[in-house]
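Below is one structure, written out as structure tokens; comments come after it.
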Amino acid sequence: MKILLTNDDGIHAKGLWALYKRFSGNHDVSVIAPDRERSGVGHGITLNEPLRSSYVEVNGGYKGYAVTGTPADCIKLGLLEILDERPDAVISGINLGMNVGVNTNYSGTVAAAREASLYGIAAIAISMQGIEENNYDDIAHFIEVLSKKVLEKGLPFGTFLNVNIPDKP
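Note that the sequence shown covers residues 0 to 168 in numbering that gives the first Met the number 0.
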């Protein structure tokens with residue numbers, strides 16, 4: 000399975016790389032994420048300045064693209080310019096803090112998944128309650144299982160999953 004990982008917390012966020020560690024052993028994984036924190040930007044896109052991407056090394060060897068724009072920009076740039084092949088799935092997260100109710104309108108994590116769904120790609124936004132990072136591995140495992148089910152069953156065009164998990168072992 001070809002997977003594109005992104006987030007709104009930036010290329011250096013631990014939750015993003017927990018997903019990478021989980022998926023990279025069995026899947027073809029690309030990482031395209033904002034070059035810095037972009038929480039709360041919603042579904043904004045960059046219009047009046049050039050978008051730039053840099054291939055960077057993170058956390059002692061992991062590699063991905065850092066983009067100067069928003070999470071939605073990362074999806075657009077990834078699909079239209081960076082990736083050679085369209086991914087089977089886009090996973091956005093792991094976001095620290097829940098994305099529920101009205102907050103989904105402001106969330107860059109959710110916007111990235113929504114943007115992928117507009118291209119007809121199965122997408123999951125993943126967020127966790129609280130700000131503790133202790134359970135990233137368990138959450139990444141759950142998302143791997145869930146993503147397999149999503150790809151088996153499919154999602155209607157324009158539909159994505161917004162998954163929020165309590166920060167409990």
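Ideal placement from N, C-alpha and C gives every residue a C-beta, glycine not left out. Predicted model, so just to flag it, every value in this text is computed and none were measured.
Using DSSP's beta-bridge definition, name the partner residues of residue i.
i, result
"residue 123", "90 and 160"
"residue 30", "4"
"residue 53", "65"
Among the options, which one has its Cα closest to the Cα of residue i?
i, options, result
"residue 144", "133, 123, 129 and 35", "123"
"residue 95", "147, 56, 119 and 37", "37"
"residue 138", "164, 12 and 77", "164"
"residue 70", "146, 114 and 98", "114"
"residue 89", "154, 111 and 13", "111"
"residue 41", "127, 152 and 107", "107"
What are the start and end residues of the alpha helix (DSSP H) that includes residue i?
i, result
"residue 14", "13-23"
"residue 151", "135-152"
"residue 114", "107-117"
"residue 70", "70-76"
According to the neighbour-count rule (16 or more other Cβ atoms, all chains shown, within 10 Å of its Cβ), is residue i buried or exposed?
i, result
"residue 72", "buried"
"residue 149", "buried"
"residue 83", "exposed"
"residue 85", "exposed"
"residue 51", "exposed"
"residue 75", "buried"
May I ask which residues mark the beginning and end of the beta strand (DSSP E) holding residue i?
i, result
"residue 64", "61-66"
Q. Touch check for the region 89-106 and the region 10-23: three-plus C-beta pairs under 8 Å?
A. Contact between the region 89-106 and the region 10-23 is present: three or more C-beta pairs spanning the two stretches fall below 8 Å.
Are the region 1-9 and the region 19-33 in contact at 8 Å, needing three or more beta carbon pairs?
Cβ pair count under 8 Å is three or more, so yes.
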